[in-house]
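Below is one structure; the comments refer to it alone.
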Amino acid sequence: MAATGVLAEILDGDVYKYYADGEWKKSTSGKSVAIINPTTRKPQYKVQACSQEEVNKVMDSAKAAQKSWAKTPLWKRAELLHKAAAILKEHKAAIAECLVKEIAKPAKDAVTEVVRSGDLVSYCAEEGVRILGEGKFLVSDSFPGNERTKYCLTSKIPLGVILAIPPFNYPVNLAVSKIAPALIAGNSIVLKPPTQGAVAALHMVYCFHLAGFPKGLISCVTGKGSEIGDFLTMHPGVNCISFTGGDTGIAISKKAGMIPLQMELGGKDACIVLEDADLDLVAANIIKGGFSYSGQRCTAVKVVLVIESVADTLVEKVKAKVAKLSVGPPEDDCDITPVVSESSANFIEGLVNDAKQKGATFCQEYKREGNLIWPLLLDNVRPDMRIAWEEPFGPVLPVIRINSVEEGIHHCNASNFGLQGCVFTKDINKAMMISDAMESGTVQINSAPARGPDHFPFQVKPTKSIQLVRLIDIMVDG
Ligand code: NAP
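Quick note: the sequence shown uses the working numbering, first residue -17, plus one each step.
Next up, the structure:
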């Protein structure tokens, strides 16, 4: 994709074009937004700062395109999605390179994100044909007092224009997880990518462009969320908003009108560790769960709640593994890479300083160079510390020592967040009971929280899934 021909089509000088009406366009605003490379802290790319007038036009063409798309047979919609998925996977290297430069994602993980996204697009096409190909049939005499005189047929219909807003940490995967289900269901899409990650998203959209979707069905408008966000989310042409990100989602929910909202927001995913847990397994999962992509994952382990009697041993095991994490640039595929922005690094530092002032035990020395923060485990964290409740979205992990399982559950449930959590124990009965008591959308048993595989439910309270990871091991052991 980095081929000159492609870039000539989607670049205007050194500014990436936005995508509307099946064409790559330069904004008439004459303004651009710089994307800062988190590693070098220098401008890496520029994207168009789209105007309100351009958003209006995009909404009009999205509405028109959706009408005829809804009449396009399901199998044809699926065919185009499969094509886009294949093109996306073909261009994985070029898109991954953008992810490395825009959001400092380690090189291998960046490739994985693109491949996984292609698989998800195909999966949605496949499932969509089945789910949308079915309807419901009711007869009236199944309700008291009725004769068999009425029939009711129901089927799923599209919503219309879907506004998709993904976050910086998975700008490709969390964009396609909105785009593919929307398209297969007969909707059109207006994508507002995160600023950091916008160029990877534009390359991804280019793959959909190559697949040959009708004009106007997919658009990608760029610009800072703080500048065009409100105009987009309050636009009367939008029939549904699918948003993933932080507290911005709360503000959007308050402003959006009477339209369906799909909100995937932050997490303070708790990891509860019982005295009978396999502590080597726990330590390995805390490292994977807490420090992958430098902790910038909604499903990262964000607080460890460990029973006091095994806390010393667990902390020692985690410390030993933290020492082995490589720290450096994403191009070298380091475990810990710079966090996405200077403001993010400053926020994390604020949480660390607060914990220091209030007496947390530092298992490593706090070290920061620019946006690069070395992995840090904070032991003996207490509930009066900010880090006990706030989401650092960085490589800093608090450990709270608890005296009972109830104390752990209480802390988990007192959180404002309710995304994921995990519990480690060899006792499957306890594991199930604790999972049930944790007010989190998904609880993993004996494994770190995670979204994948991507077809598993990924939900927030009040719905719930309990993922029995390593259940077989438990049954063999027990
Ligand atoms: P964010 O600051 O909330 O931004 C998310 C998206 O909203 C970006 O595309 C951003 O664009 C846009 N935006 C900003 N202001 C807006 C406005 N006024 N109107 C409309 N859109 C606006 O979140 P982030 O820092 O990118 O991502 C990290 C957060 O996402 C964490 O809290 C993490 O836990 C959460 N997350 C949740 C899930 C999940 O599935 N639950 C998955 C991944 C991440 P700009 O970049 O241009 O500002």
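Every residue gets a Cβ at the ideal spot worked out from N, C-alpha and C, and that includes glycine.
Between the CA atoms of A342 and V292 - distance to the nearest angstrom: Walking along the sequence shown from the start, residue 292 turns up at place 310. Walking along the sequence shown from the start, residue 342 turns up at place 360. About 18 Å.
L56 vs G142 beta-carbon contact at 8 Å: For the purposes of this step, residue 56 is identified with residue 74 of the sequence shown, where counting begins at 1. For the purposes of this step, residue 142 is identified with residue 160 of the sequence shown, where counting begins at 1. Cβ distance not < 8 Å, so L56 and G142 don't count as in contact.
Local Cβ density within 10 Å of P435, reported as buried at 16 or more and exposed below that: For the purposes of this step, residue 435 is taken as the residue at position 453 of the sequence shown. Exposed, by the Cβ-count rule.
S124 versus G117 - alpha carbon distance: Here residue 124 corresponds to residue number 142 of the sequence shown, with the count starting at 1. Here residue 117 corresponds to residue number 135 of the sequence shown, with the count starting at 1. S124 and G117: Cα-Cα distance of roughly 18 Å.
Environment of K16 [buried if 16+ CB atoms lie within 10 Å]: Position 34 of the sequence shown holds residue 16. Going by the sequence as given, residue 16 is Ala instead of Lys. Exposed: under 16 other Cβ atoms inside 10 Å.
Nearest candidate by alpha-carbon position, reference P163, set Y105, E209 and V187: The count along the sequence shown starts at 1 and reaches residue 163 at position 181. Looking at the Cα atoms, Y105 is the closest of the given residues.
Beta-carbon gap between N466 and I139 smaller than 8 Å: In the structure as shown, the chain starts at -17 and stops at 460, and residue 466 therefore has no counterpart that could be examined.
Through-space distance from T281 to G249, alpha-carbon basis: The residue you call residue 249 lines up with position 267 of the sequence shown. The residue you call residue 281 lines up with position 299 of the sequence shown. Taking the straight line from one Cα to the other gives about 7 Å.
Heavy atom of ligand 1 within 7 Å of D91 beta-carbon: For the purposes of this step, residue 91 is taken as the residue at position 109 of the sequence shown. No, ligand 1 has no heavy atom inside 7 Å of this Cβ.
Neighbourhood of A413 by C-beta, 7 Å cutoff - its chain only, sequence neighbours within 5 removed: The residue labelled residue 413 in the question sits at position 431 within the sequence shown. These residues qualify, in order along the chain: V405, T407 and I427.
Alpha carbon of G4 to alpha carbon of A44, nearest angstrom: Translated into positions along the sequence shown, residue 4 becomes position 22. Translated into positions along the sequence shown, residue 44 becomes position 62. Their Cα atoms are separated by approximately 11 Å.
The stretch 305 to 322 in contact with the stretch 386 to 405 per 3-pair CB rule at 8 Å: no
Bridge partner(s) assigned by DSSP for K28: Indexing the sequence shown from 1 puts residue 28 at position 46. Bridge partners of K28: V(-3) and A16.
Same chain only: Cβ atoms within 7 Å of A47, ignoring 5 sequence neighbours per side: Translated into the one-based positions of the sequence shown, residue 47 becomes position 65. S170, P196, K197, G198 and L199.
Beta-carbon contacts of N395 that lie in its chain and below 6 Å, excluding the five residues immediately before and after: Residue mapping note: residue 395 aligns to position 413 of the sequence shown, counting from 1. If we look at N395 and ignore the five residues flanking it on each side, its Cβ neighbours are E421.
Touching by the beta-carbon criterion (3+ pairs, under 8 Å), the stretch 373 to 392 and the stretch 254 to 262: yes
Local Cβ density within 10 Å of A(-15), reported as buried at 16 or more and exposed below that: As a working mapping, residue -15 is identified with position 3 in the sequence shown. Summary for A(-15): the model assigns pLDDT 47, below 50, so the residue's position carries little reliability; its value from the coordinates is reported in the next sentence. Exposed.
Which listed residue (Q34, V97, D260 and G271) has its alpha carbon closest to that of G207: The residue you call residue 207 lines up with position 225 of the sequence shown. Nearest C-alpha to G207: Q34.
Range of the contiguous alpha helix (DSSP H) that encloses E298: Residue mapping note: residue 298 aligns to position 316 of the sequence shown, counting from 1. Run containing E298: E290 to V304, per the alpha helix (DSSP H) assignment.
With 16 other Cβ atoms within 10 Å as the buried cut-off, status of D459: Here residue 459 refers to the residue found at position 477 of the sequence shown. Note on D459: pLDDT 49, under 50, position unreliable in the model; the coordinate value appears next. Classification of D459: exposed, given that the 10 Å Cβ count is below 16.
Contact set for E373: own chain, Cβ-Cβ below 8 Å, skip 5 residues either direction: Taking the sequence shown and counting its residues from 1, one reaches residue 373 at position 391. Cβ within range, chain order: G228, G248, G249, K250, K284 and F399.
Helix, strand or coil at D258 [DSSP, three-state]: In the sequence shown, the residue the question calls residue 258 occupies position 276. Reduced to three states, the DSSP call for D258 is coil.
T407, DSSP secondary structure in three states: As a first step, residue 407 is located in the sequence shown; it is residue number 425 there, counting from the start. Coil.
Between the CA atoms of I269 and A75 - distance to the nearest angstrom: In the sequence shown, counting from the first residue as 1, residue 75 sits at position 93. In the sequence shown, counting from the first residue as 1, residue 269 sits at position 287. Their backbone Cα atoms lie some 27 Å apart in a straight line.
N- and C-terminal bounds of the beta strand (DSSP E) containing T226: Taking the first residue of the sequence shown as position 1, residue 226 is located at position 244. Its beta strand (DSSP E) spans residues C222 to T226.
Inter-residue spacing [alpha-carbon to alpha-carbon] between S397 and D262: Stepping through the sequence shown from its first residue, residue 397 is reached at position 415. Stepping through the sequence shown from its first residue, residue 262 is reached at position 280. Roughly 27 Å between the two C-alpha positions.
Assigned secondary structure, T230 (DSSP; H/G/I helix, E/B strand, else coil): The count along the sequence shown starts at 1 and reaches residue 230 at position 248. DSSP places T230 in helix when its eight states are reduced to three.
Three-state secondary structure (DSSP) of G117: On the sequence shown, position 135 is the one that residue 117 refers to. Strand at G117.
Beta strand (DSSP E) segment containing C316, residue limits: On the sequence shown, residue 316 is found 334 positions in, with the first residue counted as 1. From DSSP, C316 is part of no beta strand (DSSP E); its letter is neither H nor E.
Beta carbon of G110 nearer than 8 Å to that of L70: For this step, residue 110 is matched to residue 128 along the sequence shown. For this step, residue 70 is matched to residue 88 along the sequence shown. Contact: no.
Coil, strand or helix - M245 by DSSP: Taking the sequence shown and counting its residues from 1, the one referred to as residue 245 is at position 263. Three-state result, M245: strand.
Rounded separation between L120 and G127 - CA only: Position 138 of the sequence shown, counting from 1, holds the residue named residue 120. Position 145 of the sequence shown, counting from 1, holds the residue named residue 127. Computed Cα separation, rounded: 15 Å.
Closest Cα partner of E331 within the set P312, G352, I318 and L243: For the purposes of this step, residue 331 is identified with residue 349 of the sequence shown, where counting begins at 1. Among P312, G352, I318 and L243, the Cα nearest to that of E331 belongs to G352.
When E108, A78, K39 and I416 are compared against H437, the one with the closest alpha-carbon: Here residue 437 corresponds to residue number 455 of the sequence shown, with the count starting at 1. When each option's Cα is compared against that of H437, the closest is E108.
Collapsed DSSP secondary structure at V286 in the structure displayed: Position 304 of the sequence shown holds residue 286. V286: strand per DSSP, three-state reduction.
T204 vs Q449 beta-carbon contact at 8 Å: Mapped onto the sequence shown, residue 204 falls at position 222. Mapped onto the sequence shown, residue 449 falls at position 467. In this structure, Q449 does not lie closer than 8 Å to T204 by Cβ.
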